[in-house]
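Undergrad:
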Amino acid sequence: MSTTEQENLQSRLPDPTPLFPELGEIGGAMVKATRNGAIPQSTVGLVQLRGGQIVGSTYHTVRQTGLLRKAGETEERITAVASWQDAPYFTDAERVALELVEAVLTPNPFGERVPEELFARASAHYDDKALWTLTLVISQICFFIPVALVGKPIPGRPPGKNYSR
-16 MSTTEQENLQ
-6 SRLPDPTPLF
4 PELGEIGGAM
14 VKATRNGAIP
24 QSTVGLVQLR
34 GGQIVGSTYH
44 TVRQTGLLRK
54 AGETEERITA
64 VASWQDAPYF
74 TDAERVALEL
84 VEAVLTPNPF
94 GERVPEELFA
104 RASAHYDDKA
114 LWTLTLVISQ
124 ICFFIPVALV
134 GKPIPGRPPG
144 KNYSR
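In structure tokens, the structure reads:
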């Protein structure tokens, strides 16, 4: 795609905030809840990047990758999120967080999406507040996934400028 074609990209839907002003409050509350210090911000970014990858959202993968880079995350860790299972760059706590987002977003034809065994491993790394925070981190990306997949905001543009209609 040429630079001109990229500049001419348009979202499917207009910016929703004029239609639903409360979205700013909801988004702000989600950010505040997920930045409570119970889990590292790097884990938040990695989990949300993996969520975007799982659902095939270019908007979210570009956004989360940019945020991780801005926060000083290494290229190796960012790139390896797609293949985290055998990548040597993640802590055990990060691995279980990535496994949780996959469990939530991937159907399991053989049982629960988050089985007791996975929850027990997560509980070994995170206390109750951290587990709730991690759950809210996954909830936050799940809240915005339909916005990206249906509305198709422009990847790479700053918030507020990622809608062209």
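In this note's numbering, the protein residues as written are -16 to 148.
Don't be surprised by glycine CBs; every beta carbon is placed ideally from N, CA and C.
Identify, in the order they occur along the chain, each residue of the same chain with its Cβ nearer than 7 Å to the Cβ of L88, setting aside the five sequence neighbours on each side.
TA: Counted from its first residue, the sequence shown places residue 88 at position 105. Once the five neighbours on either side are set aside, the close Cβ partners of L88 are G34, I37 and V38.
Undergrad: By a C-beta neighbour count over all protein chains shown, 10 Å radius and 16 as the cutoff for buried, is N19 buried or exposed?
TA: Taking the first residue of the sequence shown as position 1, residue 19 is located at position 36. By the neighbour-count rule (16 or more Cβ atoms within 10 Å), N19 is not buried but exposed.
Undergrad: Return helix, strand or coil for R33, following the three-state DSSP convention.
TA: Mapped onto the sequence shown, residue 33 falls at position 50. In this structure, R33 counts as helix in the three-state DSSP scheme.
Undergrad: Take the Cβ of L163 as the centre, count every other Cβ of all protein chains shown within 10 Å, and call the residue buried at 16 or more, exposed below.
TA: Since the first and last residues shown for the chain are -16 and 148, residue 163 lies out of range.
Undergrad: So, for A63: in the same chain, excluding its five sequence neighbours on each side, which residues have a beta-carbon less than 6 Å away from its beta-carbon?
TA: To locate residue 63, count along the sequence shown from 1; it is residue 80. The residues are A70 and Y72.
Undergrad: Quick one, which of Y42, N91 and E82 has its alpha-carbon nearest L117's?
TA: What you label residue 117 is simply residue 134 of the sequence shown in a count that begins at 1. Closest by alpha carbon: E82.
Undergrad: Can you check whether the CB of L119 is closer than 8 Å to the CB of T48?
TA: Mapped onto the sequence shown, residue 48 falls at position 65. Mapped onto the sequence shown, residue 119 falls at position 136. For T48 and L119, no; Cβs fall outside 8 Å.
Undergrad: Among the residues of its own chain, which have a CB less than 7 Å from the CB of A65, if the five just before and after it don't count?
TA: Within the sequence shown, residue 65 is the residue found at index 82, counting from 1. Excluding residues within five positions, the ones whose Cβ falls inside 7 Å are Q36.
Undergrad: How should F127 be labelled, buried or exposed, when 16 other C-beta atoms within 10 angstroms of its C-beta is the threshold for buried?
TA: The count along the sequence shown starts at 1 and reaches residue 127 at position 144. Per the 10 Å Cβ criterion, buried.
Undergrad: Just checking F127 against the ligand MG - is the residue's beta carbon closer than 7 Å to any of the ligand's heavy atoms?
TA: Absent from the structure shown: the ligand MG. Ligands present: none.
Undergrad: Closest to R104 by CA distance: which of V79, F93 and Q24 is it?
TA: To locate residue 104, count along the sequence shown from 1; it is residue 121. Of V79, F93 and Q24, the residue nearest in Cα terms is V79.
Undergrad: From which residue to which residue does the alpha helix (DSSP H) around R7 run?
TA: Position 24 of the sequence shown, counting from 1, holds the residue named residue 7. Residue identity check: residue 7 is Gly in the sequence provided, not Arg. Element bounds for G7: E5 to T17.
Undergrad: Evaluate contact between the segment 121 to 139 and the segment -8 to 12, counting only Cβ atoms and requiring at least three cross-stretch pairs below 8 Å.
TA: With a cut-off of 8 Å, the segment -8 to 12 and the segment 121 to 139 count as touching, because enough Cβ pairs lie within range.
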